[in-house]
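Accompanying notes for the structure given below.
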Amino acid sequence: MKEEKRRREFIILLLAVASITALLFGASAHSFIEDDKNEGVSNSKHKIHPELQIQIQERPKENIIILVQLKKEEDMDKIAGLIEKEGGVVTGKHKVGDVVTANIPANKIEEIARDYSVKSISPNRVYRALLQDSVPQINAPAMWSNGYNGSGIKIAILDTGIDSTHPMLQGKVVLEEVFTGEDHTYDVHGHGTHCAGIAAGVAPGALLINGKVLNDTGYGNDTGIIDAINWAVDPDGNPGTDDGADIISMSFGAPYSDLDSPQYSPR
Numbered sequence: 066m067k068e069e070k071r072r073r074e075f076i077i078l079l080l081a082v083a084s085i086t087a088l089l090f091g092a093s094a095h096s097f098i099e100d101d102k103n104e105g106v107s108n109s110k111h112k113i114h115p116e117l118q119i120q121i122q123e124r125p126k127e128n129i130i131i132l133v134q135l136k137k138e139e140d141m142d143k144i145a146g147l148i149e150k151e152g153g154v155v156t157g158k159h160k161v162g163d164v165v166t167a168n169i170p171a172n173k174i175e176e177i178a179r180d181y182s183v184k185s186i187s188p189n190r191v192y193r194a195l196l197q198d199s200v201p202q203i204n205a206p207a208m209w210s211n212g213y214n215g216s217g218i219k220i221a222i223l224d225t226g227i228d229s230t231h232p233m234l235q236g237k238v239v240l241e242e243v244f245t246g247e248d249h250t251y252d253v254h255g256h257g258t259h260c261a262g263i264a265a266g267v268a269p270g271a272l273l274i275n276g277k278v279l280n281d282t283g284y285g286n287d288t289g290i291i292d293a294i295n296w297a298v299d300p301d302g303n304p305g306t307d308d309g310a311d312i313i314s315m316s317f318g319a320p321y322s323d324l325d326s327p328q329y330s331p332r
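Letter 6 of the sequence shown, counting from 1, is numbered 71 in this note's numbering, and no numbers are missing.
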């Protein structure tokens, strides 16, 4: 129950961030996910994101990294088997969002979309670091005076990494992992350390979890972000332990206006 409650809280937080991003980059696009009553072979393309449909048309024989969002977590193994049957390679299975990530020939994607258990198929899009001005006054001192300083809370910073040697952050980073293909979690870019500093400044009693999802130039993608979210929720993969983050901070964005991406799953 505690794990499920935490998962719901995370998704609500991500949905709020997604809504803000949509307002910044324009009106939300129409959903490309088809209703149950319209499902069938002839309508399977409606499950495929418009950007991905273009990639399929332009490069039908090339392999493409995709994110397959399912209606139920229980269908992950079935879809993974279907992907492999069609010549693809499964690169991840993620309980948060019910997503399977894979590298598959473009001309086989529609075959995956035909399966009833598939909710949507999205491309692996690129994101970059963003740093908007914070709210001028959040009245943090009043919260501190009432005993709220973040003690007992773990905040996952999913960003360009964290410089844990910074005087303000020493002893605060308790877990680290990289999701960019690089060999380090250190913050070469600086954006992640800035965000970690904001979190530590507002909640000085909190501990930090460092998930490097943006590379040294400040860019990342969907698969790395979803990997990191699932890791932050349950770092050791054991639901019985309480090692996951209570809050996830992600300060990045991209010029995409739809809310159908698996990161913004309503579950």
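Beta carbons: idealized from backbone N, C-alpha and C, even for Gly.
- Residue range N128 to L135 is occupied by the beta strand (DSSP E) that includes Q134.
- In the structure shown, A310 adopts coil according to DSSP, grouped into three states.
- DSSP places S316 in the coil class of the three-state scheme, outside both helix and strand.
- Cβ contact annotation for E127 (same chain, cutoff 6 Å, sequence separation greater than five): A171, in chain order.
- Rounded to whole angstroms, the separation of the alpha carbons of E241 and D252 is 12 Å.
- Counting only runs that start and end inside the region 187-234, the alpha helix (DSSP H) elements of at least 4 residues fall at 205-210.
- With the rule of 3 Cβ pairs closer than 8 Å, the region 229-238 counts as touching the region 251-265.
- In the three-state reduction of the DSSP assignment, G285 falls in the strand class.
- Here the C-alpha atom of P188 lies approximately 15 Å from the C-alpha atom of I148.
- Taking a cut-off of 8 Å for Cβ pairs, the region 172-187 and the region 132-147 touch, as three or more such pairs fall below it.
- Here I113 is bridged, per DSSP, to I186.
- Inter-residue distance for T156 and M208 is about 43 Å (C-alpha atoms, whole angstroms).
- Y284 and P300 have their C-alpha atoms spaced approximately 23 Å apart.
- Taking C-beta atoms as the reference points, I227 and N303 fail to come closer than 7 Å.
- Straight through space, the alpha carbons of Q120 and K237 are spaced by roughly 43 Å.
- Counting C-beta atoms within 10 angstroms of its own C-beta, K150 has fewer than 16 neighbours from the protein chains shown and is therefore classed as exposed.
- Judged by their CB atoms, A194 and H256 are nearer to each other than the 7 Å cut-off.
- The DSSP-derived three-state label of N280 is coil.
- Taking the CA atoms as reference points, T288 sits about 7 Å from T166.
- If you look at H249, you'll find it isn't in any alpha helix (DSSP H); DSSP assigns it neither H nor E.
- DSSP, reduced to helix, strand and coil, places G266 within a helical segment of the structure shown.
- DSSP places G157 in the uninterrupted beta strand (DSSP E) bounded by V154 to H159.
- Boundaries of the alpha helix (DSSP H) around A145: M141 to K150.
- When rounded, the separation of the alpha-carbon atoms in I203 and G305 is 35 Å.
- Judged by DSSP secondary structure, A271 falls outside any alpha helix (DSSP H); it is assigned neither H nor E.
- As DSSP reads the structure, A167 sits in a beta bridge with I131 and V155.
- D224 counts as buried, since no fewer than 16 other beta carbons sit within 10 angstroms of its beta carbon.
- A residue is called buried once 16 or more other Cβ atoms fall within 10 Å of its Cβ, and T245 is buried on that count.
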